[in-house]
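Working notes for the structure below.
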Amino acid sequence: MKEKLIKFFDFIQYWMIVILPFSIAIASGPMNIFMGWLLFSYLMKKILKRERFVFPADINTAFLFLIIISILSMINSISLKDSIKGGVLRLVQYGFVYLAVMDGLKDTRHIRRIFIAMVLGTCFVSFDGLWQVITGKDFVRGYAPIENIGLLRATASFKDANLLGIYLSAFVPLILGLTIYYFKYKKISLIFINLLTLTGVILTYSRPSLLAVYLSLLFLSIVNKDKLMMIGLLVLLVVSLFVMPRSVKEWAKKVDYNILRFMCNDDRIATYGNTLNMIKSHPIIGVGVNNFMKSYKNYKTSPEYRNVVTSDYMYAHNNFLHMAGEIGLIGLGIFLWLLYKLFSAAWDIYKRLSDNFLKIISLSLIACLLAFLVNGLTESNLYYSRVAIIFWYLTGFCLGMKKFCGEC
Numbered sequence: 047m048k049e050k051l052i053k054f055f056d057f058i059q060y061w062m063i064v065i066l067p068f069s070i071a072i073a074s075g076p077m078n079i080f081m082g083w084l085l086f087s088y089l090m091k092k093i094l095k096r097e098r099f100v101f102p103a104d105i106n107t108a109f110l111f112l113i114i115i116s117i118l119s120m121i122n123s124i125s126l127k128d129s130i131k132g133g134v135l136r137l138v139q140y141g142f143v144y145l146a147v148m149d150g151l152k153d154t155r156h157i158r159r160i161f162i163a164m165v166l167g168t169c170f171v172s173f174d175g176l177w178q179v180i181t182g183k184d185f186v187r188g189y190a191p192i193e194n195i196g197l198l199r200a201t202a203s204f205k206d207a208n209l210l211g212i213y214l215s216a217f218v219p220l221i222l223g224l225t226i227y228y229f230k231y232k233k234i235s236l237i238f239i240n241l242l243t244l245t246g247v248i249l250t251y252s253r254p255s256l257l258a259v260y261l262s263l264l265f266l267s268i269v270n271k272d273k274l275m276m277i278g279l280l281v282l283l284v285v286s287l288f289v290m291p292r293s294v295k296e297w298a299k300k301v302d303y304n305i306l307r308f309m310c311n312d313d314r315i316a317t318y319g320n321t322l323n324m325i326k327s328h329p330i331i332g333v334g335v336n337n338f339m340k341s342y343k344n345y346k347t348s349p350e351y352r353n354v355v356t357s358d359y360m361y362a363h364n365n366f367l368h369m370a371g372e373i374g375l376i377g378l379g380i381f382l383w384l385l386y387k388l389f390s391a392a393w394d395i396y397k398r399l400s401d402n403f404l405k406i407i408s409l410s411l412i413a414c415l416l417a418f419l420v421n422g423l424t425e426s427n428l429y430y431s432r433v434a435i436i437f438w439y440l441t442g443f444c445l446g447m448k449k450f451c452g453e454c
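Read the sequence shown against my numbering and you will find it ends at 454, with the numbers running on by one and no gaps.
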């Protein structure tokens, strides 16, 4: 009976890892259900097999210290309930997500199925976004596209165009990486898929998402010493300056061609200034994990940057500033340490893999993580529950590739 239960939960864990990336594209509800089943099956397997819960040696110390500093930061919390439920417990939950994914990777067939799920998810929301822009409503939630500076921006099943951009840019590098450096141009269907998903990214008009995809491709081309791709990317950059919509050119002129104002908008820059006030007031352990938004109004200056008036309830719109505000400079330093250990481990795994398919998967996953973090320079995407899970899922996927290295 025990062995049958273990096999049953192993089966559930296997398919939840496959389905989870696609479920994020639908809505928060399905995503939370499948994440719940993933964690439940993983925990039940561990209990039945009487195995210890051990974090991977590559990032275990950093992650443990991240939890500790998050707990210590609650000293300054104005809402302990928010700090515990949406802060510490959520961080522990994300830790179990990457452990479950890392533990549950089985074989090349399993990886291919995960890849297919990611393709289906990105194609689904890209087509939905295209449909939304053409018809005025997406076919999942009935959301209308949003309009900024005269541009219709696709949101698909997400509430915001930037969230759609975060989702797409986090998975598109994997699809592009396999298409260009493994399947190459043998499969016409993959070319169509890439065109569709890139169209989805473009229709968000999310500058950080476009930059994230661009830099991830540049990273892949540099590592693979692909001179043709590097030249193509340079040409694309030059051409884009001439073919971008007129309203974007007018916007660039309006902000005096200031790259920071162009990428971030004045309201974000104002938010950054207020966040620095928060960090100056609580530099060591911050205002308390998951307390940034409730505390933000207490650190607003008057007047704000260029007389912008920001809301009293804001995200920092930058992962690193948001983190420093909540858990202090010590917490930010620990997270940067975790990133260093993560990318060092992921790069080592990539170098040790011998199978070409697995090597491209591993390298493309690194590009996916980079894309997510690039997006995090102007978005607090580690704090948006709908997409934050992507980072920890990719972390587990990256580290889980180690089991295919043989004697790593």
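Each residue gets a CB set at the ideal place from its N, CA and C atoms; glycine is no exception.
Quick one: grab the DSSP three-state call for Asn194. For the purposes of this step, residue 194 is taken as residue 148 along the sequence shown, with counting starting at 1. Residue state, collapsed to three classes: strand.
Count the other CB atoms, across all protein chains shown, that sit within 10 Å of the CB of Arg432; report buried if there are 16 or more and exposed otherwise. Within the sequence shown, the letter at position 386 stands for residue 432. Result: buried.
Hey, out of Tyr227, Phe238, Leu283, whose CA is closest to Lys271's CA? Position 225 of the sequence shown, counted from the start, is the residue given in the question as residue 271. Ranking the options by Cα distance to Lys271, first place goes to Tyr227.
Going by DSSP, which residues form a beta bridge with Arg199? Start at 1 with the first residue of the sequence shown, and residue 199 comes out as number 153. Answer by DSSP bridge pairing, in chain order: Ile192.
Whole-angstrom distance between Asn106 and Leu404, CA atom to CA atom: Along the sequence shown, read from residue 1 onward, the residue named residue 404 stands at position 358. Along the sequence shown, read from residue 1 onward, the residue named residue 106 stands at position 60. Distance between the alpha carbons of Leu404 and Asn106 is about 24 Å.
Out of Gly379, Val355, Asn353, Thr250, state which residue places its alpha-carbon closest to the alpha-carbon of Asn365. The count along the sequence shown starts at 1 and reaches residue 365 at position 319. Checking every option, the nearest Cα to that of Asn365 belongs to Gly379.
Using alpha carbons as the reference points, say which of Leu385, Ile115, Ile436, Arg398 lies closest to Gly371. Numbered from 1 along the sequence shown, position 325 holds the residue referred to as residue 371. Comparing Cα-Cα distances from Gly371 to each of Leu385, Ile115, Ile436, Arg398, the minimum goes to Ile115.
For Thr225 and Leu266, what's the separation of their Cα atoms in angstroms? One-based indexing of the sequence shown puts residue 225 at position 179. One-based indexing of the sequence shown puts residue 266 at position 220. Roughly 12 Å between the two C-alpha positions.
Using CA coordinates, which residue listed in Leu137, Glu193, Lys50 is at the minimum distance from Leu94? The count along the sequence shown starts at 1 and reaches residue 94 at position 48. Ranking Leu137, Glu193, Lys50 by Cα distance to Leu94 puts Lys50 first.
Considering only the beta carbon of each residue, do Ala71 and Ala258 sit closer than 8 Å? Counting from one through the sequence shown, the residue named residue 71 turns up at place 25. Counting from one through the sequence shown, the residue named residue 258 turns up at place 212. No, the Cβ-Cβ distance between Ala71 and Ala258 is not below 8 Å.
Taking the Cβ atom as the reference point for each residue, do Trp61 and Ile195 lie within a distance shorter than 8 Å? For this step, residue 61 is matched to residue 15 along the sequence shown. For this step, residue 195 is matched to residue 149 along the sequence shown. A distance of 8 Å or more separates the beta carbons of Trp61 and Ile195.
Output the distance between the C-alpha atoms of Tyr88 and Lys397, rounded to the nearest integer angstrom. Residue mapping note: residue 88 aligns to position 42 of the sequence shown, counting from 1. Residue mapping note: residue 397 aligns to position 351 of the sequence shown, counting from 1. Taking the straight line from one Cα to the other gives about 29 Å.
Three Cβ pairs or more, each shorter than 8 Å: is that satisfied between the region 119-138 and the region 325-341? yes
Does the Cβ of Lys448 have 16 or more other Cβ atoms within 10 Å, making it buried, or fewer, making it exposed? In the sequence shown, residue 448 corresponds to position 402, counting from 1. Answer is buried; the Cβ neighbour count reaches 16.
So which of Leu375, Tyr359, Leu419, Asp302 has the shortest CA-CA distance to Gly332? Residue numbering aside, residue 332 sits at position 286 when the sequence shown is read from its first letter. Taking only the C-alpha atoms, the option nearest Gly332 is Leu375.
Give the single residue among Val281, Phe109, Tyr351, Thr245 whose Cα lies nearest to the Cα of Leu264. As a working note, residue 264 is residue 218 in the sequence shown. Comparing Cα-Cα distances from Leu264 to each of Val281, Phe109, Tyr351, Thr245, the minimum goes to Val281.
Bounding residues of the alpha helix (DSSP H) (the contiguous stretch that carries Arg352): As a working note, residue 352 is residue 306 in the sequence shown. No alpha helix (DSSP H) contains Arg352, which DSSP labels as neither H nor E.
Quick one: Cα of Phe437 to Cα of Asp313, how far? The residue labelled residue 437 in the question sits at position 391 within the sequence shown. The residue labelled residue 313 in the question sits at position 267 within the sequence shown. Straight-line Cα distance between these residues: approximately 26 Å.
Extract the residue ranges of the alpha helix (DSSP H) inside the region 249-276, only unbroken runs of 4 or more that lie entirely within it. 253-269
Arg98 burial status per 10 Å Cβ neighbour count (16 or more: buried): Residue 98 sits at position 52 when you count from the first residue of the sequence shown. Arg98 should be labelled exposed.
Cβ shell of Cys454 (< 6 Å), same chain only, five flanking positions each side left out: Taking the first residue of the sequence shown as position 1, residue 454 is located at position 408. Any reading at Cys454 needs caution, since the residue's pLDDT is 45, under 50, leaving its predicted position unreliable; the model's value is listed next. Answer for Cys454: Arg398, Lys448, listed in chain order.
Round the Cβ separation of Tyr351 and Ala316 to the nearest angstrom and send it over; I've been treating them as touching at under 8 Å. Counted from its first residue, the sequence shown places residue 351 at position 305. Counted from its first residue, the sequence shown places residue 316 at position 270. Confirmed, about 4 Å.
If distances are taken between C-alpha atoms only, which option among Gly211, Ser348, Asn336, Pro291 comes closest to Leu419? The residue given as residue 419 occupies position 373 in the sequence shown. Of Gly211, Ser348, Asn336, Pro291, the residue nearest in Cα terms is Gly211.
Nearest to Leu388 by alpha carbon, out of Met120, Leu440, Met276? Along the sequence shown, one-based indexing puts residue 388 at 342. The shortest C-alpha to C-alpha distance from Leu388 to any of Met120, Leu440, Met276 is the one to Leu440.
Check each candidate in Gly223, Val247, Met309, Pro291 and name the one with the smallest Cα separation from Ser408. The sequence position of residue 408 within the sequence shown is 362, counting from 1. Cα-wise, what sits closest to Ser408 is Gly223.
So does the region 157-175 actually touch the region 125-144, counting three or more Cβ pairs closer than 8 Å? no
Within its chain, find whatever has a CB closer than 8 Å to the CB of Val269; leave out the 5 residues flanking it on each side and keep chain order. In the sequence shown, counting from the first residue as 1, residue 269 sits at position 223. So the qualifying residues of the chain are Leu409.
Check whether the Cβ atoms of Pro254 and Leu382 lie closer than 8 Å to each other. The residue you call residue 254 lines up with position 208 of the sequence shown. The residue you call residue 382 lines up with position 336 of the sequence shown. No; because the gap between Cβ atoms is not below 8 Å, this pair is not in contact.
Sort Leu306, Leu176, Phe185 by Cα distance to Val247 and report the nearest one. Taking the sequence shown and counting its residues from 1, one reaches residue 247 at position 201. Comparing Cα-Cα distances from Val247 to each of Leu306, Leu176, Phe185, the minimum goes to Leu176.
Grouping DSSP H, G and I as helix and E and B as strand, with all else coil, what is Asp358? Locating residue 358 in the sequence shown gives position 312, where the first residue counts as 1. Per DSSP, reduced to three states, the secondary structure at Asp358 is coil, with no helix or strand assignment.
At which residues does the alpha helix (DSSP H) containing Leu473 begin and terminate? The chain is shown only over 47 to 454; residue 473 falls outside these bounds and no answer can be derived.
Alpha carbons only, please: which of Thr181, Gly334, Gly167, Arg159 is nearest the one belonging to Gly132? On the sequence shown, residue 132 is found 86 positions in, with the first residue counted as 1. Ranking the options by Cα distance to Gly132, first place goes to Gly334.
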